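Peer 1: Chains as they are written, first to last, in our numbering: chain A, 90 to 425; chain B, 5 to 357.
My structure is below; once you've seen it, I'll send some questions.
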């Protein structure tokens with residue numbers, strides 16, 4: 090199995106300049122993503138977890154290359170190398186005009202189903218839009234394809250003329266999924282797709298996404314902060330803290346035998362619906378997350394790490410292979 | 005078929021819903037109906053209020069001076085220099101009783117004919133003949149008032165629409181592209197906005213005699229800025245929403261994202277501001293005309309009528325007419341604006357109902 094993965098992210102950095110003074114000079118920068126590397130294989134689901142503000146969403150948006158539209162001053166470094174069938178494309182170096190062609194290959198599902206659908210368009214129009222851009226179909230065929238997709242995500246045909254505000258949050262998220270599927274993408278980036286939904290709806294949507302992943306044979310990057318959801322759906326899990334990857338590996342490995350002290354703390358906070366385990370040892374971290382404008386030297390986690398040593402402040406720990414399919418950014422765990 | 009209609013009815017876009025809500029706000033809705041009807045009718049003024057006959061039947065031949073324009077008096081055997089005097093012609097045809105006849109417009113006075121034409125007197129007080137009297141040069145006040153209504157509304161509408169186009173295009177680009185482009189244009193606009201615009205208008209119109217469209221052009225130079233601010237802010241806000249990110253990530257072009265996605269969602273301030281912008285346009289024209297820097301003199305205009313009226317305050321009809329016309333027009337448009345604003349308010353219950 091020496092097949093190339095679908096996408097390799099190599100040393101990705103994203104920084105937002107903070108300007109100040111009369112001339113709007115750059116006085117500081119926020120390193121939202123600070124050199125992370127991971128890869129997603131074909132039809133693989135990778136979960137990306139971390140607490141709020143650690144840069145998960147920024148990674149997702151960098152991977153579909155839309156950060157520059159949202160924040161024109163942003164600086165993106167590193168490589169986002171996609172291996173489509175026979176074509177290797179680095180999204181970060183691609184000219185915007187040539188980019189358009191590849192947009193159909195990578196799609197996104199957004200966190201907020203209320204904001205991610207244009208309130209002035211009917212759901213049929215919403216799903217038809219990407220088809221119109223990328224596939225050369227007649228009006229009739231396009232319409233049929235959109236209806237087919239809407240049925241696949243569990244909406245009725247006669248609902249296709251409705252506007253987003255006539256649907257519930259779960260139904261809207263289904264429309265978002267149908268839209269992402271419309272161009273037969275290779276990768277769908279799901280940016281906390283269920284965190285805005287009721288718990289009862291979350292399970293439905295998650296199961297729908299898993300069915301669709303199997304049916305369409307598509308890869309997912311599943312960004313979330315809910316670890317139990319991520320464990321349920323993912324093949325691999327990446328743990329992120331303050332712009333850095335802490336741990337990356339097979340889901341069962343990372344979830345059941347986390348090695349990095351941050352992963353351990355994060356996982357010990359997951360509620361377990363079993364009263365016998367209520368006395369289990371929880372790791373409660375000290376202090377707050379430092380601001381990404383002024384990160385600690387060396388390992389970014391050392392200020393809150395229970396096993397930190399003096400050497401941790403000296404250099405940024407390398408993200409290294411710890412075991413087969415298991416990467417880790419902690420030299421102390423590795424040495425023991 | 006009936007059932008299908010029923011299903012369709014449930015899915016109204018937001019704008020359709022708002023239109024239905026606007027219709028329930030009686031004051032604004034009726035004001036809109038009245039103003040649009042009057043404005044529509046005002047385009048027919050040349051056949052309603054005019055001193056040219058619609059049809060003249062002279063020796064078994066039909067003439068249409070309203071279409072043809074200038075027809076000399078001799079054509080109809082009238083002993084006058086220049087154009088035929090149709091009101092006299094009608095009188096003389098009636099007296100002669102030879103089968104010739106003249107069909108005049110319902111109100112047979114033109115806004116331009118002064119004491120030099122037949123039988124007009126200065127400062128005539130309102131009567132069945134001149135409904136609102138005549139002014140200092142013997143022109144019929146009512147005729148001028150009606151023509152000025154058309155000119156005022158047209159001026160304000162065209163001005164507002166041009167401003168909107170500029171505002172949406174420039175403001176929208178600023179909000180959408182942001183960054184350096186926005187920064188540069190903002191400074192440019194600030195410099196432009198700091199020019200004393202009333203003086204600029206006065207200087208320009210004292211050099212060239214402004215025509216209708218030139219005046220719109222000059223006034224646009226001043227007025228487009230306000231709209232850019234509104235649209236820019238609106239685009240800035242909408243751009244940050246996820247549906248724009250979704251459109252971009254599916255490879256939609258900038259122009260389409262701007263005009264297909266963001267613009268329809270930025271319509272609230274654009275539409276609610278529209279009636280008030282028209283009010284501002286009408287007031288601006290009145291102001292300029294009053295000061296004498298507006299449309300060139302013979303053109304009927306409320307500002308000029310007000311100016312003349314104030315010089316002859318004792319002739320009440322000359323002051324009262326333009327003030328009342330202006331007041332009623334502006335009031336109705338403000339009612340429309342109020343209704344529109346209310347219709348766009350997401351709250352269900354309204355104090356205007």
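All residues carry an ideal CB built from backbone N, CA and C; glycine is no exception.
On a predicted model such as this, the values are computed, not experimentally measured, just so you know.
Report the three-state DSSP secondary structure of residue 6 of chain B (helix, strand or coil).
Peer 2: Per-residue confidence for residue 6 of chain B stands at a pLDDT of 44, beneath the threshold of 50, marking its modelled position as unreliable; no derived number is given.
Peer 1: Evaluate residue 315 of chain B with the Cβ neighbour count: other Cβ atoms within 10 Å of its Cβ, from every protein chain shown; 16 or more gives buried, anything less gives exposed.
Peer 2: The residue in question, residue 315 of chain B, is exposed, as its Cβ has fewer than 16 Cβ neighbours within 10 Å.
Peer 1: Leaving out five residues before and five after residue 6 of chain B in sequence, what residues of the same chain have Cβ atoms less than 8 Å from its Cβ?
Peer 2: No answer about residue 6 of chain B holds up, because its pLDDT of 44 lies below 50 and its placement is not dependable.
Peer 1: Any beta-carbon of chain A closer than 9 Å to the one on residue 50 of chain B?
Peer 2: No, residue 50 of chain B lies away from the interface with chain A (no Cβ there is under 9 Å from its Cβ).
Peer 1: Output the distance between the C-alpha atoms of residue 176 of chain B and residue 159 of chain A, rounded to the nearest integer angstrom.
Peer 2: Distance between the alpha carbons of residue 176 of chain B and residue 159 of chain A is about 15 Å.
Peer 1: From what residue to what residue does the alpha helix (DSSP H) around residue 40 of chain B run?
Peer 2: Counting along the chain, the alpha helix (DSSP H) containing residue 40 of chain B begins and ends at 30-46.
Peer 1: Where does residue 395 of chain A sit, in a helix, a strand or coil, going by DSSP?
Peer 2: The answer is coil: DSSP assigns residue 395 of chain A none of H, G, I, E or B.
Peer 1: State the DSSP-derived secondary structure class of residue 331 of chain A, mapped to helix, strand or coil.
Peer 2: Of the three classes helix, strand and coil, the one that applies to residue 331 of chain A here is coil, per DSSP.
Peer 1: Assuming the contact rule is C-beta atoms closer than 8 Å, residue 247 of chain B and residue 206 of chain A should be a hit. Round their C-beta distance to whole Å, please.
Peer 2: With 8 Å as the limit, residue 247 of chain B and residue 206 of chain A qualify as a contact, their Cβ atoms being about 6 Å apart.
Peer 1: State the start and end residues of the unbroken alpha helix (DSSP H) segment that holds residue 178 of chain B.
Peer 2: Taken as a continuous stretch (DSSP letters only), the alpha helix (DSSP H) holding residue 178 of chain B covers 176-181.
Peer 1: Do residue 308 of chain A and residue 277 of chain A have their CB atoms nearer than 9 Å?
Peer 2: In contact: residue 308 of chain A and residue 277 of chain A (Cβ atoms closer than 9 Å).
Peer 1: Look up residue 114 of chain A in the DSSP assignment and give the residues it is bridged to.
Peer 2: Paired residue(s): A:109.
Peer 1: Going along the chain, which residues of its own chain have a beta-carbon closer than 8 Å to the beta-carbon of residue 38 of chain B, five neighbours each way excluded?
Peer 2: Correct list, in chain order: 336.
Peer 1: If we require 4 or more residues per run, which alpha helix (DSSP H) segments fall completely within the region 342-387 of chain A?
Peer 2: Correct list: 350-357.
Peer 1: For chain A, is any of its Cβ atoms less than 9 Å away from the one on residue 245 of chain B?
Peer 2: Closer than 9 Å to some Cβ of chain A, the Cβ of residue 245 of chain B qualifies, so yes.
Peer 1: In angstroms with no decimal places, state the Cα-to-Cα distance between residue 405 of chain A and residue 164 of chain A.
Peer 2: The straight-line gap from Cα to Cα measures roughly 21 Å.
Peer 1: Does any CB atom of chain B fall closer than 9 Å to the CB of residue 171 of chain A?
Peer 2: Cβ-Cβ to chain B under 9 Å: no for residue 171 of chain A.
Peer 1: At 4 residues or longer, what runs of the alpha helix (DSSP H) sit wholly inside the region 130-194 of chain A?
Peer 2: Whole alpha helix (DSSP H) segments, 4+ residues: 145-152, 156-159 and 185-191.
Peer 1: If we cut at 9 Å on Cβ distances, does residue 100 of chain A have a partner in chain B?
Peer 2: No, its Cβ sits nowhere closer than 9 Å to a Cβ of chain B.
Peer 1: The region 145-160 of chain A: which residues have C-beta closer than 7 Å to a C-beta of chain B, in chain order?
Peer 2: Within the region 145-160 of chain A, the residues whose Cβ lies closer than 7 Å to some Cβ of chain B are 153, 155, 158 and 159, listed in chain order.
Peer 1: So, are the CB atoms of residue 234 of chain B and residue 277 of chain B less than 9 Å apart?
Peer 2: Taking 9 Å as the Cβ cut-off, residue 234 of chain B and residue 277 of chain B qualify as a contacting pair.
Peer 1: List the residues of chain A that residue 347 of chain B touches, going by C-beta distances under 9 Å, in chain order.
Peer 2: In chain order: nothing, as chain A lies at least about 16 Å away.
Peer 1: Against chain B, does residue 265 of chain A count as a neighbour if the rule is that its beta carbon must be under 9 Å from one of theirs?
Peer 2: Taking Cβ atoms only, chain B reaches closer than 9 Å to residue 265 of chain A, which makes this a yes.
Peer 1: What are the residues that DSSP puts in a beta bridge with residue 302 of chain A?
Peer 2: Answer is none; residue 302 of chain A lacks a bridge partner.
Peer 1: Cα separation between residue 131 of chain B and residue 232 of chain B?
Peer 2: Cα to Cα, residue 131 of chain B sits roughly 49 Å from residue 232 of chain B.
Peer 1: Could you give the distance in angstroms between the alpha-carbon of residue 62 of chain B and the alpha-carbon of residue 105 of chain B?
Peer 2: If you take the alpha carbons of residue 62 of chain B and residue 105 of chain B, they lie about 7 Å apart.
Peer 1: Taking Cβ positions only, does residue 165 of chain B come closer than 9 Å to chain A?
Peer 2: No, its Cβ sits nowhere closer than 9 Å to a Cβ of chain A.
Peer 1: Going by DSSP, what residue range makes up the alpha helix (DSSP H) through residue 203 of chain A?
Peer 2: Counting along the chain, residue 203 of chain A falls outside any alpha helix (DSSP H), and DSSP gives it neither H nor E.
Peer 1: Determine contact between the region 193-202 of chain A and the region 255-263 of chain A, defined as no fewer than three beta-carbon pairs at a distance below 8 Å.
Peer 2: Output reads yes: the region 255-263 of chain A touches the region 193-202 of chain A.
Peer 1: At 7 Å on the CB atoms, spell out the chain B contacts of residue 222 of chain A, in chain order.
Peer 2: Chain B residues near residue 222 of chain A: 254, 255 and 256.
Peer 1: For residue 358 of chain B, which residues from the same chain have a beta carbon less than 6 Å from its beta carbon, with the 5 sequence-adjacent residues on both sides left out?
Peer 2: This structure gives no information on residue 358 of chain B, because the portion of chain B shown stretches from 5 to 357.
Peer 1: So what does DSSP say about residue 23 of chain B, is it helix, strand or coil?
Peer 2: Here residue 23 of chain B sits in helix by DSSP.
Peer 1: In terms of residue numbering, what span does the beta strand (DSSP E) encompassing residue 59 of chain B cover?
Peer 2: Its beta strand (DSSP E) spans residues 59-62.
Peer 1: Once the 5 residues before and after residue 99 of chain A are set aside, which same chain residues still bring their CB inside 6 Å of it?
Peer 2: Correct list, in chain order: 126, 167 and 168.
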